[in-house]
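Following the working numbering, the numbering of the sequence shown begins with 10 at its first residue and continues without gaps. The beta-carbon is built from N, C-alpha and C at its ideal position, and this holds for glycine as well.
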Amino acid sequence: MASVGGSNEGRKDGRSSTGATVPEGRPQSWIRNLRWVRADAGVAPELAETSVRDLITMALMDDDPDGPTRWKAVDALHARGDVETFTEARRLCASDARAERVLGVDILGELGTPERPFVDKTLSILRYLAASDDDVRVLHAVLIAFGHLRDRRALPSVIELSTHPDATVRYGAAYALSHVVGRPPDPSGLAALRRLADDPDEDVADWAALGLILP
């Protein structure tokens with residue numbers, strides 16, 4: 010596979026592929042090969058009593074956006090599910106620094122799972138970022154968070170971003186659509202998913218096609 014915006018080397022259908030990486034080395038396939046693996050990992054015992062601010066600092070100090078240190082801290086923040094963690098994540102989402110905005114979004118996407126006590130406020134923040142932020146990594150993180158939330162109210166934002174010129178963002182949209190299109194599926198959302206299933210980028214098309222066949 011090629012990297013983002015990359016070539017169609019090795020393909021027989023002429024389509025390009027985002028392949029294994031996105032800007033600053035973020036794995037394009039992180040949902041498939043990391044997030045699901047982490048799902049049952051639980052919170053590291055040594056982090057259970059660590060303060061919210063210290064966990065955020067710990068996550069930001071890991072230069073690898075998919076590094077184990079970063080995600081151990083994020084998992085611990087998810088488990089808190091409290092007002093303090095939500096408030097800090099919201100603050101991060103308003104930062105001028107991309108790394109902080111991405112972290113804030115990553116925290117909000119699964120905060121307090123499975124109860125999700127802040128879902129309404131979280132959706133408002135994420136939809137604002139979806140409409141106003143122009144950073145590819147932030148938009149990708151927002152779309153993944155929409156997918157985790159599985160809330161149909163995110164659908165208009167996801168459809169809007171499904172036509173983004175960057176394949177990394179469209180990949181996030183393909184993932185999110187399969188979770189927010191609803192049952193029965195919203196016609197506009199289903200049309201967007203079908204369009205992405207024919208995307209010139211291999212990874213986008215494959216994920217959208219999977220979304221069409223999964224219940």
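Item                                                                                       : Value
Proximity below 8 Å, CB of VAL189 to CB of ARG146                                          : no
Three-way DSSP call (helix, strand, coil) for ALA185 in this model                         : helix
Contact check, ASP208 vs ALA200, beta carbons under 8 Å                                    : no
Buried versus exposed, by CB contacts within 10 Å (16 or more), LEU223                     : exposed
ALA82 versus GLU169 - alpha carbon distance                                                : 32 Å
Beta-carbon proximity of LEU132 to ALA163, cut-off 8 Å                                     : yes
Cβ pair ILE153, GLY181 closer than 8 Å                                                     : yes
Buried or exposed by the 16-neighbour rule on C-beta atoms within 10 Å, applied to SER16   : In this prediction, SER16 has a pLDDT of 29, which is less than 50 and means its spatial position is unreliable; what the coordinates show is noted afterwards. Its Cβ having fewer than 16 others within 10 Å, SER16 is exposed.
Three-state class that DSSP yields for ALA103 in the structure shown                       : coil
ARG79: first and last residue of the uninterrupted alpha helix (DSSP H) it sits in         : 77-89
DSSP state of SER197 mapped onto helix, strand, coil                                       : helix
C-alpha distance - THR96 paired with ASP144, whole-angstrom precision                      : 22 Å
VAL52 versus ALA85, VAL114, PRO74 and PRO196, residue with shortest Cα-Cα distance         : ALA85
Status (buried if at least 16 other CB within 10 Å, exposed otherwise) for GLU124          : exposed
Beta carbon of GLU93 nearer than 8 Å to that of VAL114                                     : no
Spatially closest choice to ASP3 from TRP216, ARG161, SER166 and ASP212, by CA coordinates : The chain is shown only over 10 to 224; residue 3 falls outside these bounds and no answer can be derived.
Short Cβ contact (8 Å threshold) for PRO126 with GLY90                                     : yes
CB-CB length for LEU232 against VAL178, believed under 8 Å                                 : Because the chain here runs from 10 to 224, residue 232 falls outside it and cannot be looked at.
Rounded straight-line distance, which links the Cα of ARG107 to that of THR172             : 22 Å
Candidates PRO193, ASP212 and ALA218, of which the one nearest LEU202 by Cα                : ALA218
Short Cβ contact (8 Å threshold) for ARG110 with LEU101                                    : yes
Beta-carbon spacing of GLY156, TYR184 below 8 Å                                            : yes
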